[in-house]
Amino acid sequence: MKSIAPAVAGADREDITSSLSSLSASSDDISTARDWLMMLKPRVMTLVVYSGLAGLLVAPGHLHPVLAIAAILCIAVGAGAAGAINMWYDRDIDAIMRRTQKRPIPAGRIAPDEALAYGIVLASASVMVLGLATNWFAAALLAGSILFYVVIYTMWLKRRTAQNIVIGGAAGAFPPLIGWAAVTGGLDVMPWLLFGIIFLWTPPHFWALSLFAHADYERAGVPMLPVVSGAKETRRQVVIYTFAMVPFTLLPYVLGYSGLVYLASAVVLGLGFFWHVWRLATDKQDEHGVSLTKDAPAKATFKYSIYYLFALFGAVVVDWLVL
Amino acid sequence: MANLPPLSRADSDRLARKRRGRNIAMLVALVVIAVLFYAIAIVKLTGKMGLPQ
Numbered sequence: 000m001k002s003i004a005p006a007v008a009g010a011d012r013e014d015i016t017s018s019l020s021s022l023s024a025s026s027d028d029i030s031t032a033r034d035w036l037m038m039l040k041p042r043v044m045t046l047v048v049y050s051g052l053a054g055l056l057v058a059p060g061h062l063h064p065v066l067a068i069a070a071i072l073c074i075a076v077g078a079g080a081a082g083a084i085n086m087w088y089d090r091d092i093d094a095i096m097r098r099t100q101k102r103p104i105p106a107g108r109i110a111p112d113e114a115l116a117y118g119i120v121l122a123s124a125s126v127m128v129l130g131l132a133t134n135w136f137a138a139a140l141l142a143g144s145i146l147f148y149v150v151i152y153t154m155w156l157k158r159r160t161a162q163n164i165v166i167g168g169a170a171g172a173f174p175p176l177i178g179w180a181a182v183t184g185g186l187d188v189m190p191w192l193l194f195g196i197i198f199l200w201t202p203p204h205f206w207a208l209s210l211f212a213h214a215d216y217e218r219a220g221v222p223m224l225p226v227v228s229g230a231k232e233t234r235r236q237v238v239i240y241t242f243a244m245v246p247f248t249l250l251p252y253v254l255g256y257s258g259l260v261y262l263a264s265a266v267v268l269g270l271g272f273f274w275h276v277w278r279l280a281t282d283k284q285d286e287h288g289v290s291l292t293k294d295a296p297a298k299a300t301f302k303y304s305i306y307y308l309f310a311l312f313g314a315v316v317v318d319w320l321v322l
Numbered sequence: 000m001a002n003l004p005p006l007s008r009a010d011s012d013r014l015a016r017k018r019r020g021r022n023i024a025m026l027v028a029l030v031v032i033a034v035l036f037y038a039i040a041i042v043k044l045t046g047k048m049g050l051p052q
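As you go down the protein sequences, you meet chains X and D in turn.
Residues in the first sequence are numbered consecutively from 0, following numbering that gives the first Met the number 0.
Residues in the second sequence are numbered consecutively from 0, following numbering that gives the first Met the number 0.
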């Protein structure tokens, strides 16, 4: 496999883009089906499908199982399409960051133009099919989430402000709204609570990651919080957002939208989150806030945050089944 | 067209395997889309005709 990554440090966006085009034109390494699947960011898609399904299941009303499957498929493909367009736009910085330089575009297996066309076709198709299968309000929400992720987060915020993932995190919080709207044709308090949980969960989740991956972001010039404000401030922000998020997760019970199963799960999982964040905040560090434990608590917090959200949304569904 | 060096047998086989994999994936995707559209149409039609679902 040819890779341009080692050669790109210091090059500008135009140079990198032209290198990518010439590489992609070479005929000795072609894309595989797996490359095209990877363009859809399947790991992110898993969370999107899961939270969209939770919104769809707990919504009042009935949706035919075939239409429900179609709706979930459209949410997944729409999110994947947004990921593909994100990879097209970010191909220059993906080639610089170790974590992303093996992606199909920087590795030269998929041409940027093909990736963009792929993303646009899938995004349009997912919105159209969702509109035809369920309703056009849900389809509009899906279109809005794709545009938010591509335009607001990827093109506007990501390279400009350290608050990129705070505002951009809203894009990842759309699926429960879309799932709910697919069933009811409208929105209520509960889907907004699910939206809020993902929205408040995103900063501690991403900043825990960026604490141990900041060298990559720094090299690529992405103003992630640890790059701009340092590790100490990032840890402080993770604590602040965790204190905002955990009480917020209790609201579905407080407002009467879920029962004791959910409450117990939210409390136990929240205490687990606090414990991880406390370890992260008290991590052994030098005077600049650099971890002396190779960011072990940040890695543990990042991992826990993924399980946390899956378990919390699982509790929403289990509670709905019990009720 | 640029003159590219001839591919070795091993490279040629590797490319053929990749193409075959892509073709199969495309076939699966098309079948899924066709079945999905068919199923959506049937559900929508039975709903509109007031037939038991």
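Cβ coordinates follow ideal geometry from the N, Cα and C atoms, glycine included.
These numbers were taken from a predicted model, which means no experiment stands behind them.
Which residue or residues does DSSP assign as beta-bridge partners of residue i?
| i | result |
| --- | --- |
| S290 of chain X | X:Q284 |
Since residue i meets chain X, which of its residues come closer than 8 angstroms, beta carbon to beta carbon?
| i | result |
| --- | --- |
| V42 of chain D | H63, V65, L66 |
Mind checking residue i: buried by the 16 CB within 10 Å criterion, or exposed?
| i | result |
| --- | --- |
| K283 of chain X | exposed |
| A213 of chain X | Ala is not the amino acid found at residue 213 of chain X; the sequence shown has His there. Classification for H213 of chain X: buried. |
| P175 of chain X | buried |
| L3 of chain D | exposed |
| A80 of chain X | buried |
| S11 of chain D | exposed |
| R19 of chain D | exposed |
| P5 of chain D | exposed |
| L320 of chain X | exposed |
| D215 of chain X | buried |
| R8 of chain D | exposed |
| L291 of chain X | exposed |
| V165 of chain X | buried |
| A219 of chain X | buried |
| A180 of chain X | buried |
| T241 of chain X | buried |
| T183 of chain X | buried |
Hey, residue i and residue j are a contact pair by Cβ (cut 8 angstroms); roughly how many whole angstroms apart?
| i | j | result |
| --- | --- | --- |
| I145 of chain X | A122 of chain X | 5 angstroms |
| L268 of chain X | Y307 of chain X | 5 angstroms |
| L250 of chain X | A53 of chain X | Actually they are not in contact, since the Cβ atoms of L250 of chain X and A53 of chain X sit about 15 angstroms apart, beyond 8 angstroms. |
| M86 of chain X | I104 of chain X | 6 angstroms |
| A297 of chain X | A207 of chain X | 5 angstroms |
| M244 of chain X | L279 of chain X | Not quite, the Cβ-Cβ distance comes to about 14 angstroms (not below 8 angstroms), so this is no contact. |
| L311 of chain X | S257 of chain X | With a Cβ gap of about 11 angstroms, L311 of chain X and S257 of chain X do not count as contacting. |
| V237 of chain X | A161 of chain X | Rounded, the Cβ-Cβ distance is 13 angstroms, inconsistent with contact. |
| A314 of chain X | V266 of chain X | Between V266 of chain X and A314 of chain X the Cβ distance is about 10 angstroms, and since that is not below 8 angstroms, they are no contact. |
How far does the alpha helix (DSSP H) with residue i in it extend, from its first residue to its last?
| i | result |
| --- | --- |
| Y216 of chain X | 188–219 |
| I305 of chain X | 295–321 |
| V149 of chain X | Taken as a continuous stretch (DSSP letters only), V149 of chain X belongs to no alpha helix (DSSP H), as it is neither H nor E. |
| P175 of chain X | 174–183 |
| I74 of chain X | 64–88 |
| Q236 of chain X | 224–248 |
| Y117 of chain X | 111–132 |
| G107 of chain X | Here G107 of chain X belongs to no alpha helix (DSSP H), and DSSP marks it neither H nor E. |
| Y49 of chain X | 41–57 |
| L254 of chain X | Element bounds for L254 of chain X: n/a, residue is neither H nor E. |
| A170 of chain X | 163–171 |
| R33 of chain X | 32–37 |
Going along chain D, which residues have a C-beta under 7 angstroms from residue i?
| i | result |
| --- | --- |
| L186 of chain X | None at all; the shortest Cβ gap to chain D is about 23 angstroms. |
| T31 of chain X | K17, G20, R21 |
Note down, in chain order, every chain D residue with its Cβ under 9 angstroms from the Cβ of residue i.
| i | result |
| --- | --- |
| I177 of chain X | Going along chain D, no residue has its Cβ under 9 angstroms from I177 of chain X, so there is no contact; the nearest lies around 17 angstroms. |
Anything in chain X within Cβ reach of residue i, meaning under 9 angstroms, just list it in chain order.
| i | result |
| --- | --- |
| L35 of chain D | V65, I68, A69, L72, V128, A132 |
| A24 of chain D | T31, A32, R33, W35, L36 |
Using the beta-carbon of each residue, which ones in chain X are nearer than 7 angstroms to residue i?
| i | result |
| --- | --- |
| L14 of chain D | I29 |
| A38 of chain D | V65 |
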